[in-house]
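With the sequence shown counted from 1, adding 468 to any position gets you the working numbering.
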Amino acid sequence: MRPGGVRWGDGDAVSLSILDVTQRESSDAALRDSEASYRRLFENVPDGVFCITENRKLLEGNPALVKMLGYDSLDELRNVLA
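This is the structure in structure tokens:
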């Protein structure tokens with residue numbers, strides 16, 4: 469057994485690994501903050517904003533777009549465009 473190794477109760481050798489996830493947690497938190505900022509901007513900008521696929525399928529549209537086009541909801545707009 470290598471120095472620093474541990475023996476399990478039945479005598480089998482095991483090794484322990486310690487993983488520092490501090491950087492990963494920090495990156496995940498920064499990503500969540502960035503996504504929340506983007507979502508607030510997307511939802512509150514007074515201009516109509518949308519995302520579509522190459523085939524012109526509506527993926528996202530903000531409330532200003534829905535109102536600007538005279539619909540009650542994004543789902544209603546999607547149904548009309550489908």
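Glycine included, each C-beta is placed from N, C-alpha and C at the ideal position. Quantities reported herein were computed from a predicted structural model and do not represent experimental measurements.
Looking only at Asn523, Arg500, Phe510 and Asp480, the smallest Cα-Cα distance to Ala550 is reached by Asn523. Bounds of any alpha helix (DSSP H) do not take in Glu522, whose DSSP letter is neither H nor E. Looking at Lys525, Pro531 and Asp501, the one whose alpha-carbon comes closest to that of Pro514 is Pro531. Distance from the CA atom of Thr490 to the CA atom of Arg507, rounded to whole angstroms, is 26 Å.
Note that the C-beta distance between Val548 and Ser541 is not below 8 Å. Excluding its 5 nearest sequence neighbours in each direction, Glu493 has no C-beta neighbour in its own chain below 7 Å.
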